[in-house]
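Contents: one structure, followed by commentary.
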Ligand code: UTP
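Residue numbers (the working numbering): 7 to 308.
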C-alpha cells in the first residue's frame with residue numbers, strides 16, 4: 007500500500023509576504039538555496055510519490071518552470087564544466103516522476119484547491135502537502151512517518167502538533183481518542199476556533215493522507231471560516247463515515263507562511279548547510295555576543 011499521488015496546493019495569494027509574492031509564488035521563496043516547494047516535493051518522493059499534482063493560481067509559472075527541464079541552463083553549465091551545479095539542476099525532478107498542473111481559477115480556499123485535484127487523483131488514496139509548512143523530520147521525513155501509519159491502519163491520516171494556546175485560533179484543531187502513543191482517532195475537528203472553544207492544543211499542520219471520499223464531501227462543503235471552502239470542514243464530515251487518524255509527527259515544523267517562521271527556517275537550515283554552515287555558525291555566534299553586550303545598555307535606556 008503506497009501513496010503514488012501527492013497534491014501540492016500552491017494557489018494561495020500569499021498576502022503575508024507581499025510585496026515579495028506579488029509576481030512570484032510564496033512556495034518559490036528559498037530556504038537558503040532551495041525553494042520551499044522543492045523541499046515539499048522531495049518529501050513526497052521520499053515517501054514513494056510518483057505523480058505530483060500542483061494546484062496553481064496566478065503568478066505560479068515559476069513553479070512550472072522550476073520543475074521543467076532547463077535545456078539552455080544545462081547546456082551552459084555543461085559547456086562551462088560546472089558538473090556539480092549541473093547535477094543539482096538535474097536532481098530537481100528525478101526520472102520516473104511526473105508533474106501535472108491544474109489551475110484553481112479563484113483562490114476559494116484550501117478545500118477548494120484540493121477538490122481541483124480530483125480529475126488527476128481519481129479513485130485512489132493520496133497525500134496533500136502544504137509547502138509553506140516546512141518540516142524537518144529529523145530521522146524520517148514527516149510524510150514517510152505518516153505513510154507508516156497509513157500502511158498499518160489503512161485510513162486517512164492528518165499530521166498534528168501541539169501549539170501554544172495563544173496561537174490555536176490560527177489552526178484546524180482536533181479532539182482525539184487515543185489509539186497509540188502519538189496517535190489518536192479524530193472525534194472532532196474545528197477550523198480556527200476561538201481560544202476558549204478549542205477542543206485541545208493539537209493543531210493540524212500541512213500534511214494529509216486522504217481517501218478519495220474527501221472529494222464528494224468537498225463538493226458539498228459550504229464556505230466556512232474566512233469565507234473559504236475549508237478542508238477541515240470536509241474532514242469533519244468524513245469522520246462521521248470513516249476513521250481519520252491524527253498523528254503527532256517527530257520533528258520540527260517551520261511555519262514559512264509567516265515572516266518569523268520563514269526567518270527561523272533560514273537560520274536553522276543555514277547553520278547546518280554543508281557549504282556555508284561553518285561560516286554562518288561563526289557569524290551567528292559573533293552576532294549573539296554583540297546582542298548580549300547590547301542587552302544591559304538597552305535595559306538602562308528603557
Ligand atoms: P494559507 O492559509 O497560507 O493562505 O494557505 P495563502 O493565501 O497561501 O497565504 P496568506 O495567508 O495570504 O499569506 C494554505 C495553503 O493552501 C494553499 C496555499 O497556497 C497554501 O499552501 N491555498 C490556499 C490554495 O492553494 N488555494 C486557496 O484558495 C487557498
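Beta carbons are placed, not taken as given, at the ideal position from N, Cα and C, and that holds for glycine.
- Residue 197 sits buried, since 16 or more C-beta atoms from the chains shown fall within 10 Å of its C-beta.
- Taken through DSSP and simplified to helix, strand or coil, residue 64 comes out as coil.
- At a Cβ-Cβ threshold of 7 angstroms, residue 151 and residue 255 count as neighbours.
- Annotation: the continuous alpha helix (DSSP H) that includes residue 125 extends over 124-127.
- Assignment of residue 135 by DSSP, reduced to helix, strand and coil, places it in the strand class.
- In this structure, 267 is the residue among 267, 296, 289, 281 with its C-alpha nearest to the C-alpha of residue 42.
- Contact annotation, residue 10 with residue 56: C-beta distance approximately 5 angstroms; criterion of less than 8 angstroms satisfied.
- Each residue's CA atom was taken as its position, placing residue 188 and residue 263 some 26 angstroms apart.
- Taking non-hydrogen atoms of the ligand UTP into account, the C-beta of residue 61 is found less than 6 angstroms away from one of them.
- For residue 121, the closest alpha carbon among the candidates 258, 207, 23, 15 is that of 15.
- In the assembly as shown, residue 77 is an exposed residue. Its beta-carbon has fewer than 16 other beta-carbons within 10 Å.
- Nearest to residue 251 by C-alpha distance, out of 31, 286, 157, is 157.
- Residue 268: member of the alpha helix (DSSP H) spanning 265-277, first to last residue.
- Secondary structure note for residue 111: it is in no beta strand (DSSP E), with a DSSP letter that is neither H nor E.
- Within 6 angstroms of the C-beta of residue 232 there is not a single heavy atom belonging to the ligand UTP.
- DSSP places residue 71 within a helical segment (H, G or I) once states are collapsed to three.
- Bridge pairing for residue 12: 58, 133 [DSSP].
- If you draw a straight line from the Cα of residue 165 to the Cα of residue 174, it comes to about 15 angstroms.
- As computed with DSSP, residue 261 is found in a beta bridge with 139.
- Straight-line measurement puts the Cα of residue 45 at about 25 angstroms from the Cα of residue 289.
- Collapsing the DSSP output to three states places residue 104 in a strand.
- In this structure, residue 24 has its CB at a distance of at least 6 angstroms from all heavy atoms of the ligand UTP.
- Boundaries of the beta strand (DSSP E) harbouring residue 183: 178-186, taken from the DSSP string.
- In terms of Cβ geometry, residue 271 and residue 79 do not form a close pair [threshold 7 angstroms].
- Annotated three-state conformation of residue 168 is strand, per DSSP.
- For residue 196, the uninterrupted beta strand (DSSP E) segment begins and ends at 189-197.
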